[in-house]
Amino acid sequence: LGIDLIIPDITYLQENKEKIRGLVVTHGHEDHIGGIPYFLKQLNVPIYATKLTLGLIEIKLKEHNLQNGTELIVIHAESEIDLGSIKTTFFKTNHSIPDCLGIVFHTPEGTVVHTGDFKFDLTPVNNQHPDIHKMAKIGSEGVLALLSESTNAERPGFTPSERSVGERIEELFLKASRKVIISTFASNVNRVQQIVEACIKTNRKLALLGRSMVNVVEVALEKGYLHIPDGMLIEASEVNRLDPKQVAILCTGSQGEPMAALARLASGNYRQVDVLPEDTVIIAATPIPGNERNVSRIIDNLFALGAKVIYGSGS
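Positions 1 to 315 (UniProt numbering) are the ones given, in order, by the sequence shown.
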């Protein structure tokens, strides 16, 4: 009972399907790729995306048995593709997931720019710097319309570099007296890499909890966007058998999802892993508006178990 997911209304696209030349995807976050299988069931068109993004899309397609009937085309920042009369080019952007692109549609009426989700991070974890000079050139040549992300646009100042988050994570790992449990978005591959670096520096093994976390890490490793030393990853069943000072757990559930790994840990319902007094739990993601109550409930449960919980500005 209830609603599992919400997908966009594609009625207009269905009514004009003869005009649809392809689906161009800026990056691999769930809110950008989660509806693709439902879209393809109505409009089977080629999908254009970067290597990591396509890898994450393939997971979705396999879940819906669509992997064999879909044309997947790898693009990069220097690609040029023709979608009917519209030439399409790209530029690199920064975001919390690697391999992100902005899109430039060169139409007969003028240039339309779609940024995708972005921030400006001049010290990125993955060393993929934004194409600032290319953006400036596009602007100098004239833009008919800019379709831009605006998250936090009302807040003054600058977005901190992802590296500053990694420094804080390492600091918390060093202070932890027992095992560390850290939850973040599975698709935040750059943050996952920094958690791996914190494990290296504190000599901890790492267990992954949650299907989406396991899937994303597998794809990112396979595609070369994540680097984890041999022997670091362990199974959940090994956690309780090891010295707590030598263990970290990376799990899903930072948004308070009731069936995700963190909620199950907080309620004592994760069969293979226990949260014990003095364990450190880090919620390394800001709650999306509407999720605050669920996140607060999980935090309360973790405190009741005796854990040290780091969240909000503390994380």
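Note that CB positions come from ideal geometry on N, CA and C, so glycine has one too. All of these numbers come straight from a predicted model, not from anything done at the bench.
Rounding to the nearest angstrom, what Cα-Cα distance links THR286 and GLN255 in this structure? Numbered from 1 along the sequence shown, position 286 holds the residue referred to as residue 286. Numbered from 1 along the sequence shown, position 255 holds the residue referred to as residue 255. Between THR286 and GLN255, the C-alpha separation is close to 8 Å.
Is the Cβ-Cβ distance between VAL309 and ILE181 less than 7 Å? Taking the first residue of the sequence shown as 1, we reach residue 309 at position 309. Taking the first residue of the sequence shown as 1, we reach residue 181 at position 181. At least 7 Å separates the beta-carbon of VAL309 from that of ILE181.
Same chain, Cβ closer than 6 Å to residue 325, neighbours up to 5 away in sequence not counted: Only positions 1 to 315 of the chain appear in the structure, and residue 325 is not among them; the question remains open.
My output table needs one value for GLU80: the three-state DSSP class, helix, strand or coil. Taking the first residue of the sequence shown as position 1, residue 80 is located at position 80. In the structure shown, GLU80 sits in a strand (DSSP, three-state: E or B).
In terms of residues, what are the limits of the beta strand (DSSP E) holding ALA153? As a working note, residue 153 is residue 153 in the sequence shown. Here ALA153 belongs to no beta strand (DSSP E), and DSSP marks it neither H nor E.
Drop a sphere of 10 angstroms on the beta-carbon of GLN194, count the other beta-carbons inside from all chains shown, and report buried for 16 or more, exposed for fewer. Within the sequence shown, numbered from 1, the residue matching residue 194 stands at position 194. Buried.
So the beta strand (DSSP E) PHE90 belongs to, where does it begin and stop? Indexing the sequence shown from 1 puts residue 90 at position 90. Note, PHE90: beta strand (DSSP E), 86–93.
As a quick exercise: from GLY139, HIS27, PRO244 and ARG178, pick the residue whose alpha carbon is nearest that of LYS92. Looking up residue 92 in the sequence shown gives position 92. Comparing Cα positions, the closest option is HIS27.
Opposing strand residues paired with ILE132 [DSSP bridges]: Stepping through the sequence shown from its first residue, residue 132 is reached at position 132. Partner(s): none; ILE132 has no beta bridge.
Have a look at the DSSP bridge pairing and note the partners of PHE105. As a position in the sequence shown, residue 105 is number 105, starting the count at 1. In DSSP, PHE105 forms a bridge with THR88 and VAL112.
Spatial distance of LEU302 from ALA266 (CA atoms): Along the sequence shown, one-based indexing puts residue 302 at 302. Along the sequence shown, one-based indexing puts residue 266 at 266. Distance between the alpha carbons of LEU302 and ALA266: 5 Å.
Burial state of PHE39, where buried means 16 or more other Cβ atoms lie within 10 Å: The count along the sequence shown starts at 1 and reaches residue 39 at position 39. Buried, because 16 or more other Cβ atoms sit within 10 Å of the Cβ of PHE39.
Between the alpha carbons of THR111 and GLY84, how many angstroms are there, rounded? Translated into the one-based positions of the sequence shown, residue 111 becomes position 111. Translated into the one-based positions of the sequence shown, residue 84 becomes position 84. Distance between the alpha carbons of THR111 and GLY84 is about 15 Å.
Which complete beta strand (DSSP E) runs does the stretch 159–245 hold, if anything under 3 residues is left out? DSSP runs (the beta strand (DSSP E)) wholly in the stretch 159–245: 180–183 and 205–209.
Determine, using beta-carbon pairs with one atom in the stretch 161–168 and one in the stretch 109–125, whether at least three such pairs fall under 8 Å. yes
Assuming contact is defined by CB atoms lying nearer than 7 Å, are ARG191 and THR184 in contact in what I supplied? Taking the first residue of the sequence shown as 1, we reach residue 191 at position 191. Taking the first residue of the sequence shown as 1, we reach residue 184 at position 184. Yes, these two residues count as a Cβ contact at 7 Å.
Considering VAL295, what are the terminal residues of the alpha helix (DSSP H) in which it resides? Locating residue 295 in the sequence shown gives position 295, counting from the first residue. Counting along the chain, the alpha helix (DSSP H) containing VAL295 begins and ends at 292–304.
Does the Cβ of GLY268 have 16 or more other Cβ atoms within 10 Å, making it buried, or fewer, making it exposed? Taking the sequence shown and counting its residues from 1, one reaches residue 268 at position 268. With fewer than 16 other Cβ atoms within 10 Å, it is exposed.
Beta carbon of ILE47 nearer than 7 Å to that of LEU23: Translated into positions along the sequence shown, residue 47 becomes position 47. Translated into positions along the sequence shown, residue 23 becomes position 23. Yes, Cβ-Cβ distance for ILE47 and LEU23 is below 7 Å.
Coarse secondary structure for LYS51, derived from DSSP in three states: For the purposes of this step, residue 51 is taken as the residue at position 51 of the sequence shown. Helix.
Compare the C-alpha of THR89 against each of LEU101, HIS95 and SER96 and name the closest. If you number the sequence shown from 1, residue 89 lands on position 89. Closest option to THR89, Cα to Cα, is LEU101.
Between the beta-carbon of LYS205 and the beta-carbon of ASP279, is there less than 7 Å? Walking along the sequence shown from the start, residue 205 turns up at place 205. Walking along the sequence shown from the start, residue 279 turns up at place 279. Against a cut-off of 7 Å, the Cβ pair of ASP279 and LYS205 comes out as no contact.
Starting from ILE249 and walking both ways along the beta strand (DSSP E), at which residues does that stretch end? As a first step, residue 249 must be located in the sequence shown, where it is residue number 249. Element bounds for ILE249: 247–251.
Which of helix, strand or coil DSSP assigns to SER315: The count along the sequence shown starts at 1 and reaches residue 315 at position 315. With a pLDDT of only 45 at SER315, under the threshold of 50, the placement of this residue in the model should not be trusted; the figure read from the coordinates follows. Coil.
8 Å contact criterion, which VAL45 and ILE33 should meet: CB distance rounded: By one-based count along the sequence shown, residue 45 stands at place 45. By one-based count along the sequence shown, residue 33 stands at place 33. Going by Cβ atoms, the distance from VAL45 to ILE33 rounds to 15 Å, so no, they are not a contact pair.
Between the C-alpha atoms of PRO289 and PHE105, what's the straight-line distance to the nearest angstrom? As a position in the sequence shown, residue 289 is number 289, starting the count at 1. As a position in the sequence shown, residue 105 is number 105, starting the count at 1. Approximately 32 Å between the Cα atoms of the pair.
Along the chain, where does the alpha helix (DSSP H) that runs through ALA284 open and close? Your numbering for residue 284 matches position 284 in the sequence shown. Premise fails: ALA284 is in no alpha helix (DSSP H) and is neither H nor E.
Quick one: Cα of ILE36 to Cα of ASN16, how far? Translated into the one-based positions of the sequence shown, residue 36 becomes position 36. Translated into the one-based positions of the sequence shown, residue 16 becomes position 16. Whole-angstrom Cα-Cα distance: 18 Å.
Nearest candidate by alpha-carbon position, reference LEU144, set GLU109, GLN128, MET135 and LEU209: Working through the sequence shown from its first residue, we reach residue 144 at position 144. Ranking GLU109, GLN128, MET135 and LEU209 by Cα distance to LEU144 puts GLU109 first.
Beta-carbon proximity of LEU61 to VAL113, cut-off 7 Å: Locating residue 61 in the sequence shown gives position 61, counting from the first residue. Locating residue 113 in the sequence shown gives position 113, counting from the first residue. Contact flag unset, no.
Give me the DSSP bridge partner(s) of GLY24. Position 24 of the sequence shown holds residue 24. Before going on, a small fix: residue 24 reads as Val here, not Gly. Paired residues: TYR48.
Measuring straight from C-alpha to C-alpha, what distance separates GLY166 and ILE249? Residue 166 sits at position 166 when you count from the first residue of the sequence shown. Residue 249 sits at position 249 when you count from the first residue of the sequence shown. Between GLY166 and ILE249, the C-alpha separation is close to 16 Å.
Do GLU238 and ALA198 come within 7 Å of each other at the CB atom, strictly closer than that value? Indexing the sequence shown from 1 puts residue 198 at position 198. Indexing the sequence shown from 1 puts residue 238 at position 238. Cβ atoms of ALA198 and GLU238: not closer than 7 Å.
Please report how far the alpha carbon of ASP4 lies from the alpha carbon of PRO258, in whole angstroms. Taking the sequence shown and counting its residues from 1, one reaches residue 4 at position 4. Taking the sequence shown and counting its residues from 1, one reaches residue 258 at position 258. Going by the C-alpha atoms only, they are around 12 Å apart.
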